[in-house]
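Notes follow once the structure below has been shown.
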Amino acid sequence: MQHKKPASKYTFIFALVCILVLSILFPQPGQFIKDMGMSSVLTFMAMFVSGLVLSFENVKSSLKEYKTIVFSSVITFIIFPILAYFFSRLLFTGNEDMFVGTMILSTQASTVSSAIILTMAAGGNVPLAIIITVLNNFLSVFISPVILNRVFS
Numbered sequence: 002m003q004h005k006k007p008a009s010k011y012t013f014i015f016a017l018v019c020i021l022v023l024s025i026l027f028p029q030p031g032q033f034i035k036d037m038g039m040s041s042v043l044t045f046m047a048m049f050v051s052g053l054v055l056s057f058e059n060v061k062s063s064l065k066e067y068k069t070i071v072f073s074s075v076i077t078f079i080i081f082p083i084l085a086y087f088f089s090r091l092l093f094t095g096n097e098d099m100f101v102g103t104m105i106l107s108t109q110a111s112t113v114s115s116a117i118i119l120t121m122a123a124g125g126n127v128p129l130a131i132i133i134t135v136l137n138n139f140l141s142v143f144i145s146p147v148i149l150n151r152v153f154s
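Quick note: the sequence shown uses the numbering used here, first residue 2, plus one each step.
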């Protein structure tokens with residue numbers, strides 16, 4: 002009888018937690034990378050490498066999943082801001098700065114790099130994740146100001 006090692010299933014998550022802890026304890030390497038202007042280069046490299054694993058057929062078939070794409074946009078631009086509004090009003094009563102910050106954060110699409118990396122780690126549909134993330138980042142330029150204007154006016 003063959004047993005799977007439970008650690009191998011969670012290696013990526015474990016590595017993320019370790020990196021998070023290390024970055025909090027030792028922020029200097031990350032600050033150095035930022036100061037050298039390498040953040041954009043490293044993000045580009047992550048995107049480039051993830052793009053290399055895509056096939057045109059996978060992207061084409063993912064485009065057919067329009068219900069998932071629309072559902073994701075509805076969650077991002079309607080459900081999250083509504084939930085954030087009520088929870089931040091409940092949790093941050095009297096702290097307007099936290100309310101404003103939460104609302105700004107709740108109207109933003111996920112970053113391209115983290116969405117793709119987490120999708121890869123979960124064994125999800127990477128082409129679909131790229132399509133959704135790029136679309137939602139494009140839409141957030143137009144939708145986020147409208148939502149925030151409604152909330153803060």
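Quick reminder that beta carbons are idealized off the backbone N, C-alpha and C, glycines included. Remember, it's a predicted structure, so these values are computed and weren't measured experimentally.
Assuming the contact rule is C-beta atoms closer than 8 angstroms, residue i and residue j should be a hit. Round their C-beta distance to whole Å, please.
| i | j | result |
| --- | --- | --- |
| S74 | P128 | That belief does not hold up - the Cβ atoms of S74 and P128 are roughly 17 angstroms apart, past 8 angstroms. |
| A110 | T77 | 6 angstroms |
| I148 | T134 | Not quite, the Cβ-Cβ distance comes to about 19 angstroms (not below 8 angstroms), so this is no contact. |
| S107 | A130 | The pair is not a contact, with the Cβ atoms about 20 angstroms apart (cut-off 8 angstroms). |
Helix or strand or just coil, what does DSSP make of residue i?
| i | result |
| --- | --- |
| V54 | coil |
| G95 | coil |
| K10 | helix |
| G102 | helix |
| M37 | coil |
| N138 | helix |
| K61 | helix |
| N150 | helix |
Using only the alpha-carbon positions, how far apart do residue i and residue j sit?
| i | j | result |
| --- | --- | --- |
| T112 | V142 | 13 angstroms |
| F13 | S115 | 13 angstroms |
| L17 | N126 | 20 angstroms |
| T103 | S89 | 7 angstroms |
| N137 | P146 | 14 angstroms |
| M48 | F153 | 35 angstroms |
| V101 | F87 | 12 angstroms |
Taking three-plus beta-carbon pairs below 8 angstroms as touching, is the segment 96-103 in contact with the segment 26-36?
no
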